[in-house]
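Q: Just remember that the working numbering sits 6 ahead of the position in the sequence shown, which is counted from 1.
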Amino acid sequence: MATLQTLRNKAGVLLAVIIGLSLLAFILSDFLNSGSGLLQRKRTEIAEINGKSIGYQEFQVKVEQGIENYKRSSGITNLDEQTYASIRNQVWNSYMNEFVYADEYDELGVACSPDELFDMVQGRNIHPQIQQAPVFQNKQTGGFDRNLVMQFLKSLDKDPTGQQRQAWINYEKELMKDRVYTKYQTLISKGMYVTRKMVDAEFVETNRKYDLNFVPLRYATTPDSLIKVTDADVQKYYDENKEKFQQESSRDLAYVVWDIVPSQNDKDVVSKWINDEKPEFERIENAAQYMAATSETKFNETYLGSKDIAEPIRAWALVADKGMVFGPYQEGLTWKLARVTDIKELPDSVKASHILIRPVNNSDFDAAQKTADSIRGLIDRGEDFTALAVKYGTDDTKDKGGDLGWFTWDKMIAIPEFSKACFFGNKGDLLTVRTSYGVHVIKIVDQSARSKKVQIAILDRTITPSDKTYQDIYNIASKFASTYDNGTKFEDGIVKENMNKRLASNLHEGDAAITGLDNPRELVRWAFEAKKGDLSDLKEYGPRFVLAKLTEVREKGTAPIEQVRTQIENSVRNDKKAEYLIAQANKELQTSNSLDAIAPKFNSNVMTAANAYFTSYTITGIGMEPQVTAAMTFIPVNQVSKPIKGTNAVYLIRVTQVIEPGADADRNASRTRLEQSYSSRAGYEIFTALEKSAKVVDRRNKFY
7 MATLQTLRNK AGVLLAVIIG LSLLAFILSD FLNSGSGLLQ RKRTEIAEIN
57 GKSIGYQEFQ VKVEQGIENY KRSSGITNLD EQTYASIRNQ VWNSYMNEFV
107 YADEYDELGV ACSPDELFDM VQGRNIHPQI QQAPVFQNKQ TGGFDRNLVM
157 QFLKSLDKDP TGQQRQAWIN YEKELMKDRV YTKYQTLISK GMYVTRKMVD
207 AEFVETNRKY DLNFVPLRYA TTPDSLIKVT DADVQKYYDE NKEKFQQESS
257 RDLAYVVWDI VPSQNDKDVV SKWINDEKPE FERIENAAQY MAATSETKFN
307 ETYLGSKDIA EPIRAWALVA DKGMVFGPYQ EGLTWKLARV TDIKELPDSV
357 KASHILIRPV NNSDFDAAQK TADSIRGLID RGEDFTALAV KYGTDDTKDK
407 GGDLGWFTWD KMIAIPEFSK ACFFGNKGDL LTVRTSYGVH VIKIVDQSAR
457 SKKVQIAILD RTITPSDKTY QDIYNIASKF ASTYDNGTKF EDGIVKENMN
507 KRLASNLHEG DAAITGLDNP RELVRWAFEA KKGDLSDLKE YGPRFVLAKL
557 TEVREKGTAP IEQVRTQIEN SVRNDKKAEY LIAQANKELQ TSNSLDAIAP
607 KFNSNVMTAA NAYFTSYTIT GIGMEPQVTA AMTFIPVNQV SKPIKGTNAV
657 YLIRVTQVIE PGADADRNAS RTRLEQSYSS RAGYEIFTAL EKSAKVVDRR
707 NKFY
């Protein structure tokens, strides 16, 4: 029975242990799962601002909205990397605005009202972003057109999804944030005041001139054998000057490239093509139609004068008959044929006025034509063109009576129908012309003298690498990458294959440029994820393949002593040389107060510097030596200074003359400089202080 009881007790303990372990496993599982979610959130967290987390997806949604807004306002659909980066920065600034600056704005009562927003979008004080948007630029005048804004806003209601309107609302919110930001910055800068004493001091420091003689006792010409730098010296300097060795994260790369350039066969193919095309280009009647199917460059209808024709064909074009062909000729990597398609006597420029009748809903051109014809009839019957333009015009020239001023053909090249009417017509003509903008009633007010103009069709093709050439170059690069597939082999391969090793030093995590490489952002990101000595994958950056090795890793913080040893040794050596030179100079000064007598003792010369200013960065013959600049302002005239320890030498100086500025000189320039300096610094420094206090963790470089 005792044995049975013992088993029962042990079984109970075992059961309790099993249950306990099960509960622990359940708890740990829940904890680990939540931890996994936490880790996942951290992995996708692009930033943390004032304790508020911003996820990559959330951030990217705003970026996409910004991209769509930019495309809509600019009319550009293919954006470059620089534009994408700019939009991402705008989104980042928006978050900073919301999470860092908003409390400041609220406390000070800085805001943007709905009335202000209306004024920025369609009122009298249009926001610069809207003024400069190409979609709101009048193609005829080149200026901002408020009517185009009104048309755009009306078009938002035509989108059944409501997405365009929501995107515009988001854009307006950003405009309001920008206005509040500007108000706050103005408030801070206007709060800075420059006193008269500050102006007087700045005026004297900027305008008082010093002439001096000096003797440089240079470290570079002092023998290193006089000085011994020990490991203890290096360690002591490092320990006492760690603030000098603070660094941001940076990386160094060594890389080789294979340029993707056309082969000789690629060049021969294009050369043969252009020569084969010449007979047909000479024969066909419609050059524009032929070029549309054959040429890389579209047909240009512009009529060119002698100064507008490219140099290779200028002399020929001015004497050629209609239909004649010149070439083939080569410009860079492009082969060309030129054909004279028309010759006319035309003015260089035209002065005109117009009344633009826009079609309702951009579709009813026939109704616009009837209105234009009616207006022309009124003018024919004697009514004033200017008054009718003010009454019926629909673009921003209406307030000027439709006056377009003087313009050349190329200014109106985007509206060929308009150009032809103005340049082919005669002074005094009254015309109606239909373009993509509507129907124009045009009055040709004046024309410059007519001269010979030539219309030229350019059939062209650029030599580019063929698919075979591309593959051949890739195979060569790929073979190198697979043969020399680690850091050591990479260096050996460069020597054996006689490659040109290129260096990219001190790259920072947010850098987006490496000299000679197109859009190398991916390579920079790789450098901050790899280990020292790693090789990158073979990648294509613009017209070249690239293989890189990570040669140096510097982490944020205090640089390790070995990384800065050479720099420290130079500094310690110069410090010891300075001590030696100062001691020697002091000995000489005990017996002589003449720079002419002292200079030869140090194998140096007496030099002069005229018109030195306290506010100058450099002094002639000395360079940037702040200690000398400061010393010259308080040493009595004609007295030799004590030895001054500088960056490159120990200096003995004697001020020979101080030229004071006139007492009645104008101090307004000094006041303006100080006010501008304080104004710009105030805006920058207040935001820098706010950002520091906000505890911003920025991980954007991990994602872009």
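Every residue gets a Cβ at the ideal spot worked out from N, C-alpha and C, and that includes glycine. None of the values given here were measured: they were computed from a predicted structure.
Between which residues of its own chain and Thr468 is the CB-CB distance below 7 Å, once the five residues before and five after are set aside?
A: The answer, listed in chain order, is Glu302, Leu339, Thr340.
Q: Is the beta carbon of Lys449 sitting closer than 8 Å to the one on Ser359?
A: Against a cut-off of 8 Å, the Cβ pair of Ser359 and Lys449 comes out as a contact.
Q: Based on the DSSP secondary-structure assignment, which residues constitute the bridge partners of Ser59?
A: According to DSSP, which records beta bridges pairwise, Ser59 is partnered with Glu54.
Q: DSSP on Asp704, reduced to helix/strand/coil?
A: Strand at Asp704.
Q: Is it the case that the region 347–358 contacts the region 437–457, given that we only count it when at least three CB pairs across the two stretches are under 8 Å?
A: Verdict: yes, contact present.
Q: Hey, would you say Asp348 sits closer than 8 Å to Lys328, going by beta carbons?
A: Going by C-beta atoms, Asp348 is nearer than 8 Å to Lys328.
Q: Is any non-hydrogen atom of the ligand ATP found closer than 7 Å to the C-beta of Val396, if you look at the structure I gave you?
A: Among the ligands in the structure shown, none appear at all, so the ligand ATP cannot be discussed.
Q: For Asn39, does the three-state DSSP call read helix, strand or coil?
A: Its pLDDT being 48, under 50, Asn39 is placed unreliably in this model, and the coordinates cannot settle the point.
Q: Tell me where the beta strand (DSSP E) around Asn711 begins and ends.
A: Lying before the first or after the last residue shown, residue 711 is absent from the chain, which here runs from 7 to 710.
Q: If we ignore side chains and look at the alpha-carbon of each, how far apart do Ile194 and Tyr107 end up?
A: Spanning the two alpha carbons is a distance of roughly 13 Å.
Q: State the DSSP-derived secondary structure class of Thr4, mapped to helix, strand or coil.
A: A query on residue 4 cannot be resolved here, the shown segment of the chain reaching from 7 to 710 and no further.
Q: Using 8 Å for Cβ pairs, my map puts Asn506 next to Asp258. What's the rounded Cβ distance?
A: In fact, because the Cβ distance is near 17 Å, the residues do not count as touching under 8 Å.
Q: To which residues does DSSP link Ile659 through a beta bridge?
A: DSSP output for Ile659 lists Phe220 as bridge partner(s).
Q: Using DSSP's beta-bridge definition, name the partner residues of Tyr335.
A: Partner(s): Lys342.
Q: Just mark Ala238 as buried or exposed, buried being the case when its beta carbon has 16 or more other beta carbons within 10 Å.
A: Counting Cβ neighbours within 10 Å, Ala238 comes out exposed, since fewer than 16 surround it.
Q: Straight-line CA distance for Gln170 to Leu162?
A: Going from the Cα of Gln170 to the Cα of Leu162 covers about 6 Å.
Q: Give me the Cα-Cα distance between Asp125 and Phe150, rounded to the nearest whole angstrom.
A: Using only the alpha carbons, I get a separation of about 15 Å.
Q: Are the beta-carbon atoms belonging to Leu658 and Val221 less than 8 Å from one another?
A: Yes, Cβ-Cβ distance for Leu658 and Val221 is below 8 Å.
Q: To test your reading of the DSSP string, which unbroken alpha helix (DSSP H) runs of 4 or more residues are found completely within the region 74–134?
A: Within the region 74–134, the complete alpha helix (DSSP H) runs of at least 4 residues are 87–102, 108–114, 120–128.
Q: Pick helix, strand or coil for Met630, following the three-state DSSP scheme.
A: In the structure shown, Met630 sits in coil (DSSP, three-state: anything other than H, G, I, E or B).
Q: Can you confirm whether the region 249–258 touches the region 557–571 when touching is taken to mean that 3 or more C-beta pairs between the two stretches lie within less than 8 Å?
A: Judged by Cβ distances under 8 Å, the region 557–571 makes contact with the region 249–258, as three or more pairs qualify.
Q: To the nearest angstrom, how far is the alpha carbon of Ala669 from that of Ala207?
A: Going from the Cα of Ala669 to the Cα of Ala207 covers about 13 Å.
Q: Are the region 544–561 and the region 518–531 touching by the rule of at least three beta carbon pairs closer than 8 Å?
A: A contact exists between the region 544–561 and the region 518–531.
Q: If you run the structure through DSSP and keep just helix, strand and coil, what is Lys357?
A: Lys357: strand per DSSP, three-state reduction.
Q: Helix, strand or coil, according to DSSP, for Leu529 in the structure here?
A: Residue state, collapsed to three classes: helix.
Q: By the 10 Å Cβ neighbour count, where 16 or more other Cβ atoms means buried, how is Arg387 classified, buried or exposed?
A: Answer is exposed; the Cβ neighbour count stays below 16.
Q: Below 8 Å CB to CB, which residues in the same chain sit around Glu691 once its five sequence neighbours on both sides are set aside?
A: Correct list: empty, nothing qualifies.
Q: Just verifying my parser: in three-state terms, what is the DSSP assignment at Ile469?
A: Note: Ile469 maps to coil in three-state DSSP.
Q: Could you check the C-alpha separation between Pro134 and Asp184 for me, to the nearest Å?
A: The straight-line gap from Cα to Cα measures roughly 11 Å.
Q: Per DSSP, what are the beta-bridge partners of Tyr261 in this structure?
A: The partner list for Tyr261 (beta bridge, DSSP) reads Arg508, Ala554.
Q: Whole angstroms is fine: what's the gap from Leu680's alpha carbon to Val205's?
A: So the two alpha carbons sit approximately 7 Å from each other.
Q: Does the region 323–337 come into contact with the region 388–404, if we say contact requires no fewer than three beta-carbon pairs (one atom in each stretch) closer than 8 Å?
A: Verdict: no, contact absent.
Q: Count the other CB atoms within 10 Å of the CB of Ala603; is the residue buried (16 or more) or exposed (fewer)?
A: Label assigned to Ala603: exposed.
Q: Quick check: the Cα distance between Gln191 and Val127, rounded to an integer number of angstroms?
A: Approximately 22 Å, taken between the alpha carbons.
Q: Classify Asn153 as helix, strand or coil using the three-state DSSP reduction.
A: DSSP places Asn153 in helix when its eight states are reduced to three.
Q: Spatial neighbours of Lys77 within its chain, please: C-beta separation below 7 Å, excluding the five flanking residues on both sides.
A: Only Thr83 meet the Cβ criterion.
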